Each structure stands twice: as structure tokens, then as C-alpha cells.
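A.B. asks:
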Amino acid sequence: MTALRLRWQRSIAIAATGAAAFVGTAIAAVPAQAHTPQWSVTCDSVSIDLKAYAESGNKVTVKAGDKVLISENFGASFNKKVDLPEHSKPLTVTAQVVASDSDQYNWGPETKTSPVCDTPAPSPTPSESESTEPSPSASPSQSASEKPEPSAPESSSSAPAAKPQSGGEDLAETGSSSNTPMIAGIAAAVVVAGGGLVFFARKRRSSHS
């Protein structure tokens, strides 16, 4: 009776030990299964979200090329977004997590590529467009008005003197001048008037004698 009881007790102890070991393994495995590292990369930023880690002692590191963007210790969770440096070609981004509960629960390093952002060319401002546009060419009327006017001709005083004509030509012009009849008429009138005066003077003298 005593031997049977001892065997029964041993069996219970063995079962309890196995159950405890199973529970301990399950408890230890829960944090590892709950670790959920998530992250994303765009052309200008990187976001990382870590959940269900141990309460302390964890560390996350994020790099863009050789530049360290994040290097921090965290507890049960971590969430952060940082800007990437400007880049003219695809940029390599690396993330890594070191868990405090065991090295087997470490994550990374994991690598992603950040593309180049497409930036549209800036449109010119009104002042810039006005300054860059060529000025319209002047109209024909404006061009004509802007041409320098010819200088005024020199006065007659500076003009070369007319060549004198020969004496024969002067005499010919004098004889055939249109003023000759008028001069002859005036001379005749003067002669007639003089004759009349002489006549009246003689008559008056004869009347007084």
C-alpha cells in the first residue's frame, strides 16, 4: 500500500514538472511571437513601427546610406517617422532592431531603397516672364519716325554765285525788255506837259506887254 502511494506521488510530480516546463516554454515564446517590426520608405521619409517587445533594453537603428537617422533605446513599443536627406539617385535605407530578451529575437538589418522624388519645374513668375520675353520690333511707322531727318539745305548765301552772263546777252535783254513801252509813254507825257507849260508861259507874257 505504501509502495503504490509512492509510485502515484512520483507520477504526479513528473506530470507537474512536465506541465511547468511546457508552460514556461510557452510563456517564453509569447514575446518572441508577438514581436512585430514594421517599416516603410518613401522618396523623402522613413517610418518604423515596433510593437510587443520587452519592457526595456531594446534598441533600434535606422541608416540612410552612411548617415544614422535613428539610434535609440525603446521599451515595449516604438513609432517614429524621419525625413530622408535629399538625393539625386536611389538611396539605400537600412533598419535593425536588437531585442533585449534574446539574440534570437533580433530583427534585421533589413534594407529598402528610397526612390528619387519627382519635383516639377517651378513656373516662372510674371516679372521673370516679362523680363525674358523679347521686346516686339518697332512698327514701320515708328522706325520711319525714329530715323534722323536730313539736315536743312544751306542758305542761299552759302550757295555758289551765278556766273555772270556776257555783255551781248545783257544788251539783248535790255532792248527787248517789256518795260520799254512804258518808259517811252512816260517820256512822251513829260514832253507834252513841258510844251504846254511853255505855251502858257508865253501867252501870259504877251498879255502883260
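Reminder that position 31 of the sequence shown reads as 30 in numbering that gives the first Met the number 0, one-by-one numbering, no gaps. We put the beta carbon where it would ideally sit given N, CA and C, even for glycine. Bear in mind that the values here come from a model prediction, so they are computed numbers and not experimental data.
1) If I follow the unbroken beta strand (DSSP E) through Thr112, where does it start and stop?
2) For Ser101 and Ala75, what's the separation of their Cα atoms in angstroms?
3) Once DSSP output is grouped into helix, strand and coil, what is the label at Pro84?
4) Quick check on this structure: which residue in Arg201, Pro180, Ile11 and Pro36 has the alpha carbon closest to the alpha carbon of Phe77?
5) To which residues of the same chain is Ala53 closer than 8 Å at the C-beta, ignoring the five residues directly before and after it?
6) Check Ala186 in the structure and name its three-state DSSP category.
7) Using the beta-carbon count (16 or more within 10 Å), is Thr173 buried or exposed?
8) I'd like the span of the beta strand (DSSP E) that includes Gln291, first residue to last.
C.D. replies: So, from the data block:
1) Trp106 to Ser113
2) 14 Å
3) coil
4) The candidate whose alpha carbon is nearest that of Phe77 is Pro36.
5) Closer than 8 Å at the Cβ level, and outside the excluded window around Ala53, lie Pro30, Gly74, Ala75, Ala98, Ser99 and Asp100.
6) helix
7) For Thr173, the predicted model reports a pLDDT of 49, less than 50, meaning its position is unreliable and no value from the coordinates is stated.
8) The shown model of the chain, from 0 to 208, leaves out residue 291, and the question about it has no answer.
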